[in-house]
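Position 27 of the sequence shown, counted from 1, bears residue number 350 in my numbering, the numbering being contiguous throughout. Cβ atoms here follow ideal geometry from the backbone N, Cα and C, with glycine treated the same way.
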Amino acid sequence: MIKDTPAFLNRLSGLTHRSDAEALALEVFQFQADSVPVYSEYLRHLSVHADQITAFDQIPFLPIEVFKHHEVLASNCSPEIAFRSSGTTGQQTSTHSVADLELYRWSALRTFELQYGSIQKYAFFFLLPSYLERPDSSLIWMAQLFLEQQSHGFGGFFLKAGNDLHEEAQKARKKGLIPMLWGVTFALVEWARTAPPSWPGVVLETGGMKGRGPEWIRPQLHSFLCEKLGVSTIHSEYGMTEMLSQAYSASDGIFVPPPWLLVRFRDPLDPLAGCSHSHSGAINLVDLTNLYSCSFLATGDLGKASGAGFEVLGRLDHHDARGCNLMLAG
């Protein structure tokens, strides 16, 4: 039985096999089907009775576009913070009401260290100009969390990359730290055109041209950045406002999820379709750290399985129509 955040995080810490995560997901489903009004209403529209869901494969996934129109939050919970997605002018954005930030804090730190080792080995440089004006950005909150874990004095936020950023990274390297540059795509591209020829650490892109130019396909982007910044590979982070977990790619665009983030694939033409056992299609996510909102998310991304991880191949066009209209009609 799910009781509270500390007890739940202990269970997440103990996950070692996918079967254990799927069993826990069934418990989370029963909790959310009963406690999250929007998800309960969605299940009613689908004529799904929660007590008849007895297998992981039967769980319905909520289209993430619902976060644009409804508060997805358990009854008797108050949001500790509301994260909001970015968007162009006039575009409807998503809001994720988070009842307990400890879930996000725990997941962010644990996921990073599973992929990269101790956070103390790094000096973080955040090149996120389009996010810095947005205190309700989950990415900015995570960046601040990472900086708070360190006392060496290197790194921080940068509105614009320049020689000062590169020089400070060189100093951090001389102190035995690994400089890690996090950047939104358009800012990395702009900097790479005039940057010094050799970045002395890791470069990690978080995606998004944000209307600053044509979208790059990932291989093209990574090839350009590697050449201009003098690194052998570009790392990537996969996350979104509607999630409290992330996945990282250290090479080849293959994202490795933590044990509490399960990836499945569905028919790309139907966000309401159940998941198949195929290894490609539209991405459905089970983010168990979304305990007090909804853990079962039908995204607008296309992807395929790759080893122990997954690749993101692109975005669906007009993917939100059926899921959104279903909820708006209720």
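Cβ pair residue i, residue j closer than 8 angstroms
| i | j | result |
| --- | --- | --- |
| residue 485 | residue 541 | no |
| residue 340 | residue 361 | no |
| residue 387 | residue 573 | no |
| residue 525 | residue 438 | no |
| residue 424 | residue 583 | no |
| residue 518 | residue 544 | no |
| residue 619 | residue 385 | yes |
| residue 564 | residue 417 | yes |
| residue 500 | residue 480 | no |
| residue 710 | residue 511 | Given a span of 324 to 653 for the chain in the structure shown, any question on residue 710 remains unanswerable. |
| residue 403 | residue 378 | no |
| residue 446 | residue 609 | no |
| residue 407 | residue 459 | yes |
| residue 352 | residue 325 | no |
Bridge-paired residues (DSSP) for residue i
| i | result |
| --- | --- |
| residue 607 | 587 and 621 |
| residue 418 | 407 |
| residue 448 | 479 and 504 |
| residue 576 | Beta-bridge pairing links residue 576 to no other residue. |
| residue 598 | 589 |
| residue 385 | 620 |
| residue 628 | 633 |
| residue 559 | 528 and 572 |
Span of the beta strand (DSSP E) around residue i
| i | result |
| --- | --- |
| residue 571 | 570–572 |
| residue 457 | Per DSSP, residue 457 belongs to no beta strand (DSSP E) and is neither H nor E. |
| residue 390 | It is not in any beta strand (DSSP E) - residue 390 carries neither H nor E in the DSSP assignment. |
| residue 636 | 632–638 |
Opening and closing residue of the alpha helix (DSSP H) in which residue i lies
| i | result |
| --- | --- |
| residue 336 | 328–336 |
| residue 550 | 541–552 |
| residue 555 | No alpha helix (DSSP H) holds residue 555; DSSP gives it neither H nor E. |
| residue 565 | Careful: residue 565 lies outside any alpha helix (DSSP H) and carries neither H nor E. |
| residue 340 | Premise fails: residue 340 is in no alpha helix (DSSP H) and is neither H nor E. |
| residue 431 | 424–439 |
| residue 364 | 360–368 |
Alpha-carbon spacing of residue i relative to residue j, whole angstroms
| i | j | result |
| --- | --- | --- |
| residue 412 | residue 531 | Its pLDDT being 48, under 50, residue 412 is placed unreliably by the model, and nothing is read from it. |
| residue 389 | residue 491 | 43 angstroms |
| residue 473 | residue 558 | 21 angstroms |
| residue 567 | residue 505 | 18 angstroms |
| residue 589 | residue 596 | 7 angstroms |
| residue 444 | residue 369 | 48 angstroms |
| residue 434 | residue 562 | 12 angstroms |
| residue 442 | residue 469 | 8 angstroms |
| residue 427 | residue 612 | 7 angstroms |
| residue 329 | residue 614 | 12 angstroms |
| residue 374 | residue 591 | 28 angstroms |
| residue 642 | residue 624 | Unreliable placement is indicated for residue 642, whose pLDDT of 48 sits below 50; no coordinate value is reported for it. |
| residue 359 | residue 495 | 46 angstroms |
| residue 603 | residue 630 | 12 angstroms |
| residue 350 | residue 331 | 11 angstroms |
| residue 647 | residue 354 | Confidence in residue 647 is poor, its pLDDT being 44 and thus under 50, which makes the residue's placement unreliable; the coordinate value appears in the next sentence. Rounded to whole angstroms, residue 647 to residue 354 spans 23 angstroms at the Cα level. |
| residue 550 | residue 372 | 54 angstroms |
| residue 681 | residue 569 | The requested residue 681 does not occur in the structure, where the chain is confined to residues 324 to 653. |
| residue 482 | residue 497 | 24 angstroms |
| residue 398 | residue 457 | 27 angstroms |
| residue 502 | residue 632 | 25 angstroms |
| residue 363 | residue 396 | 11 angstroms |
| residue 521 | residue 515 | 10 angstroms |
| residue 448 | residue 357 | 42 angstroms |
| residue 586 | residue 333 | 22 angstroms |
| residue 599 | residue 554 | 39 angstroms |
| residue 638 | residue 626 | 9 angstroms |
| residue 601 | residue 628 | 9 angstroms |
| residue 366 | residue 466 | 35 angstroms |
| residue 487 | residue 634 | 35 angstroms |
message: List, from N- to C-terminal side, the alpha helix (DSSP H) runs of 4 residues or more that fit wholly inside the stretch 470–531.
response: Runs of the alpha helix (DSSP H) inside the stretch 470–531: 486–497 and 508–515.
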